[in-house]
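Participant: Read in order, the letters of the sequence shown are residues 1 to 446 in the numbering used here.
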Amino acid sequence: MSTGAVGALCLDVDNDSLTHPSFDYVYYFKEVDTVTDVQLVDQDESSSTWQTTRDTILDKILTNSRPGVIVKSLFSMMQVDKYYVSANELVTTLAPEALTLLSRGQFPQFFQNCGPNYIRSLRRKSEFSGLFTSESTVEDTGSKNIVKAIASTGLDQVVEDLSSKIQDLNLQISISVVGIKPMPHGTLAPRTPDDYAKAMDYAFKSMMDPGVGLVQSIEVVPWVNNPQFQNQARLKKDVSSSTEISLSPFLRRFYLITNSELIAKIVDTLRHRMQTFQSVVRCLTFVNNFPIDATTNAKFLRNKYSTCAPNASTGTHCTPNLTNVHSLRQLLIGALPVETTDSGGVTTTVTTYLIQRMANNMDSYMTNYMKPCFEEMTSMDGQISTMQTKHWANMDGCKQVSCTFPGTKWDTSTNTCVVEGESDGLGWTVRSMCMPSIMEFPSPPP
1 MSTGAVGALC LDVDNDSLTH PSFDYVYYFK EVDTVTDVQL VDQDESSSTW QTTRDTILDK
61 ILTNSRPGVI VKSLFSMMQV DKYYVSANEL VTTLAPEALT LLSRGQFPQF FQNCGPNYIR
121 SLRRKSEFSG LFTSESTVED TGSKNIVKAI ASTGLDQVVE DLSSKIQDLN LQISISVVGI
181 KPMPHGTLAP RTPDDYAKAM DYAFKSMMDP GVGLVQSIEV VPWVNNPQFQ NQARLKKDVS
241 SSTEISLSPF LRRFYLITNS ELIAKIVDTL RHRMQTFQSV VRCLTFVNNF PIDATTNAKF
301 LRNKYSTCAP NASTGTHCTP NLTNVHSLRQ LLIGALPVET TDSGGVTTTV TTYLIQRMAN
361 NMDSYMTNYM KPCFEEMTSM DGQISTMQTK HWANMDGCKQ VSCTFPGTKW DTSTNTCVVE
421 GESDGLGWTV RSMCMPSIME FPSPPP
């Protein structure tokens, strides 16, 4: 889903398999000669190209201090909004690797790689805007009409006996584009009114491509709605479980949807743990590169989420919101004595470290929760996999709800997940202090 493309990774989709979308086409232009005109356009215009252009217009209006010179600006906009750009499900196919997983009944592995949903359709938007700025010493309605004609049709349609006046306008043309794909032939750098007309044609042809444009919205649907998935999972007929209970296609789809959401949650939780682990390793390496001396150890590090600003005149030093180099190093090393008792009753104390504990916690999570859960979902229940016959809350390997939350670890004494201890729950510290940057404080007032 993060790719922003129809189907994403597990569907083979190209432009030839996309349906012909519906689209809205808009072209208009507005005079923006004063600050009031700009403010009026602000009320109606939310396009990204206007937000860029308005600053240029205001700058020209506010900096025009030449007496007798009249600056006129005209903003034009061509916009194409494509609705329901979707893949034709009669011709698109699942990726070979995805088909292999489904044919083997490995539904957890399929959802682990493809996610619980896919993008069936999306909406794209493209914009082409132009800014025409002219200068003259008198208020000339005819000249204004020339600029409007250029903005609407290009120089080819302007009456020839008026075109000579264009040279007297000191006309400047600039354009902004969003959601347009470069093509082999054409230009988006107009130097003349005629070039502007050619640039419009070039942009319009690019906008007609269904795969071009900024994504505005997406339609996300579960995989059970995909015809090929339904065929591979045999979701169109009733089947029986090992207890001879007949399961309708509707109920099987419900179980697949809810169980796939759990798989996505487990994978996301594990990914979060791995990202935190990598951040701790990188941050500790970075901190260890600082000199180990009393002066450096006492220096404070910048907190990315603290709004406190040091101020020498008021004596504000923000120390309650910050951590020094030594403290962060000790937190990331995370030395913790742990007492263990062997079978002979002998107790020994072993020092463990944060990175070691985090690696052990991830291994324990995968061994004691993730693996049993996926194995139970993959196991057969009569004619089909358990993933289609049971809700995860009724599966012994999956029903530990606490294991789906970040900041927990597997506890062998209770066979469930518990909240990590204070010494290991450093997710927020890592996000706010890493990568570490020493913060120089002003001298306190005398």
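Where is the CB? At the ideal position from N, CA and C, for every residue including glycine.
Only a predicted model underlies this, so the values are computations on that prediction, with no experimental measurement involved.
In the DSSP assignment, what residue or residues form a beta bridge with Gln106?
Facilitator: If you number the sequence shown from 1, residue 106 lands on position 106. Paired residues: none, contrary to the question.
Participant: Using only the alpha-carbon positions, how far apart do Gln228 and Ile384 sit?
Facilitator: Sequence index remark: in the sequence shown, residue 228 carries index 228 (1-based). Sequence index remark: in the sequence shown, residue 384 carries index 384 (1-based). Cα to Cα, the separation comes out at about 17 Å.
Participant: Can you name, in chain order, every residue of its own chain whose Cβ lies under 7 Å from the Cβ of Gln109, other than the five neighbours on each side?
Facilitator: Position 109 of the sequence shown holds residue 109. Around Gln109: Leu101.
Participant: Distance check for Pro406 and Leu11, CA to CA, integer angstroms please.
Facilitator: For the purposes of this step, residue 11 is identified with residue 11 of the sequence shown, where counting begins at 1. For the purposes of this step, residue 406 is identified with residue 406 of the sequence shown, where counting begins at 1. Computed Cα separation, rounded: 31 Å.
Participant: Counting only C-beta atoms, is Thr36 closer than 7 Å to chain B at any point?
Facilitator: Absent from the structure is chain B; it holds one protein chain and no more.
Participant: Any idea which residues DSSP pairs Ala87 with across the strands?
Facilitator: Sequence index remark: in the sequence shown, residue 87 carries index 87 (1-based). According to DSSP, which records beta bridges pairwise, Ala87 is partnered with Leu18.
Participant: Can you give me the Cβ contacts of Thr352 inside the same chain, cut-off strictly under 7 Å, excluding the 5 residues immediately before and after it?
Facilitator: Residue 352 sits at position 352 when you count from the first residue of the sequence shown. So the qualifying residues of the chain are Leu336, Val338.
Participant: Rounded to a whole number of angstroms, what is the C-alpha to C-alpha distance between Gln106 and Lys371?
Facilitator: Position 106 of the sequence shown, counted from the start, is the residue given in the question as residue 106. Position 371 of the sequence shown, counted from the start, is the residue given in the question as residue 371. About 13 Å.
Participant: Who are Cys417's beta bridge partners in DSSP?
Facilitator: As a working mapping, residue 417 is identified with position 417 in the sequence shown. DSSP lists Trp410 as partners of Cys417.
Participant: Out of Ser126, Val325, Gly211, which has the shortest C-alpha to C-alpha gap to Ser176?
Facilitator: If you number the sequence shown from 1, residue 176 lands on position 176. When each option's Cα is compared against that of Ser176, the closest is Ser126.
Participant: State buried or exposed for Ser86, treating a residue as buried only when at least 16 other CB atoms are found within 10 Å of its CB.
Facilitator: Within the sequence shown, numbered from 1, the residue matching residue 86 stands at position 86. Per the 10 Å Cβ criterion, buried.
Participant: Would you call Arg124 buried or exposed, if buried means 16 or more other Cβ atoms sit within 10 Å of its Cβ?
Facilitator: The residue labelled residue 124 in the question sits at position 124 within the sequence shown. It is buried - the Cβ of Arg124 has at least 16 other Cβ atoms within 10 Å.
Participant: Using the three-state DSSP reduction, which class does Asn289 fall into: helix, strand or coil?
Facilitator: The sequence position of residue 289 within the sequence shown is 289, counting from 1. In the structure shown, Asn289 sits in coil (DSSP, three-state: anything other than H, G, I, E or B).
Participant: Buried or exposed: Tyr369, going by 16 or more other Cβ atoms within 10 Å of its Cβ?
Facilitator: Here the question's residue 369 lines up with position 369 in the sequence shown. The residue is buried, with at least 16 neighbouring Cβ atoms inside 10 Å.
Participant: Are the CB atoms of Phe132 and Ile173 within a distance shorter than 7 Å?
Facilitator: As a working mapping, residue 173 is identified with position 173 in the sequence shown. As a working mapping, residue 132 is identified with position 132 in the sequence shown. Yes, the pair counts as a contact, with Cβ atoms nearer than the cut-off.
Participant: Where does Thr340 sit, in a helix, a strand or coil, going by DSSP?
Facilitator: Position 340 of the sequence shown holds residue 340. Of the three classes helix, strand and coil, the one that applies to Thr340 here is strand, per DSSP.
Participant: Among the candidates Asp396, Asp201, Thr53, Ser48, whose CA atom is the shortest distance from the CA of Leu214?
Facilitator: In the sequence shown, the residue the question calls residue 214 occupies position 214. With distances taken between Cα atoms, Leu214 lies closest to Ser48.
Participant: Do the stretch 31–45 and the stretch 88–103 make contact, defined as three or more Cβ pairs closer than 8 Å?
Facilitator: Short answer: they don't touch.
Participant: Say whether the stretch 178–191 touches the stretch 205–212, bearing in mind that this needs 3 or more beta-carbon pairs closer than 8 Å, one atom from each stretch.
Facilitator: Yes, the stretch 178–191 touches the stretch 205–212.
Participant: Go through the stretch 178–258 residue by residue and report every complete run of the beta strand (DSSP E) that reaches 3 residues or more, in order.
Facilitator: Runs found: 214–222.
Participant: Under the three-state reduction of DSSP, which class applies to Thr133: helix, strand or coil?
Facilitator: Within the sequence shown, the letter at position 133 stands for residue 133. It is a strand residue.
Participant: What separation, rounded to the nearest whole angstrom, lies between the Cα atoms of Cys434 and Gln112?
Facilitator: Along the sequence shown, one-based indexing puts residue 434 at 434. Along the sequence shown, one-based indexing puts residue 112 at 112. Taking the straight line from one Cα to the other gives about 30 Å.
Participant: What number of angstroms, rounded off, separates the C-alpha of Arg271 from the C-alpha of Leu284?
Facilitator: Here residue 271 is taken as the residue at index 271 of the sequence shown, counted from 1. Here residue 284 is taken as the residue at index 284 of the sequence shown, counted from 1. Each residue's Cα considered, the two are about 20 Å apart.
Participant: As a quick exercise: from Ser306, Leu188, Pro222, Pro210, pick the residue whose alpha carbon is nearest that of Asp201.
Facilitator: Within the sequence shown, the letter at position 201 stands for residue 201. The shortest C-alpha separation from Asp201 is found at Leu188.
Participant: Secondary structure at Ser306, three-state DSSP: helix, strand or coil?
Facilitator: Position 306 of the sequence shown holds residue 306. Coil.
Participant: Checking the sheet assignment: what are the DSSP bridge partners for Gln51?
Facilitator: Mapped onto the sequence shown, residue 51 falls at position 51. In the DSSP output, where bridge partners are listed per residue, Gln51 has none listed.
Participant: Tell me whether Asp396 is buried or exposed, calling it buried when 16 or more other Cβ atoms sit within 10 Å of its Cβ.
Facilitator: Translated into the one-based positions of the sequence shown, residue 396 becomes position 396. Label assigned to Asp396: exposed.
Participant: Just to confirm the assignment, what range does the beta strand (DSSP E) spanning Val350 have?
Facilitator: As a working mapping, residue 350 is identified with position 350 in the sequence shown. Here the beta strand (DSSP E) through Val350 covers 347–352.
Participant: Would you say Lys299 and Ile438 are within 7 Å of each other, going by their C-beta atoms?
Facilitator: Here residue 299 refers to the residue found at position 299 when the sequence shown is read from its first residue. Here residue 438 refers to the residue found at position 438 when the sequence shown is read from its first residue. For Lys299 and Ile438, yes; Cβs fall inside 7 Å.
Participant: For Val401 versus Leu332, is the C-beta spacing smaller than 7 Å?
Facilitator: Counted from its first residue, the sequence shown places residue 401 at position 401. Counted from its first residue, the sequence shown places residue 332 at position 332. In this structure, Leu332 does not lie closer than 7 Å to Val401 by Cβ.
Participant: Is the beta carbon of Glu531 sitting closer than 7 Å to the one on Ser379?
Facilitator: The question about residue 531 has no answer here: the residues shown for the chain are numbered 1 through 446.
Participant: What residues in its chain sit with their C-beta under 7 Å from that of Ala98, if we drop five residues either side in the sequence?
Facilitator: One-based indexing of the sequence shown puts residue 98 at position 98. Excluding sequence neighbours, Ala98 sits near Cys10, Phe110, Cys114.
Participant: Between Val419, Asn415, Ser413, Thr389, which lies nearest to Ser248 when the distance is taken from Cα to Cα?
Facilitator: Within the sequence shown, residue 248 is the residue found at index 248, counting from 1. That would be Thr389, whose Cα lies nearest to the Cα of Ser248.
Participant: In terms of alpha-carbon separation, which member of Thr53, Lys82, Leu62, Asn88 lies closest to Phe75?
Facilitator: Residue numbering aside, residue 75 sits at position 75 when the sequence shown is read from its first letter. Nearest option by C-alpha distance: Thr53.
Participant: Contact check, Val224 vs Arg253 under 8 Å by CB: the rounded distance?
Facilitator: In the sequence shown, counting from the first residue as 1, residue 224 sits at position 224. In the sequence shown, counting from the first residue as 1, residue 253 sits at position 253. Rounded, the Cβ-Cβ distance is 4 Å, consistent with contact.
Participant: Secondary structure at Lys125, three-state DSSP: helix, strand or coil?
Facilitator: Within the sequence shown, residue 125 is the residue found at index 125, counting from 1. It is a strand residue.
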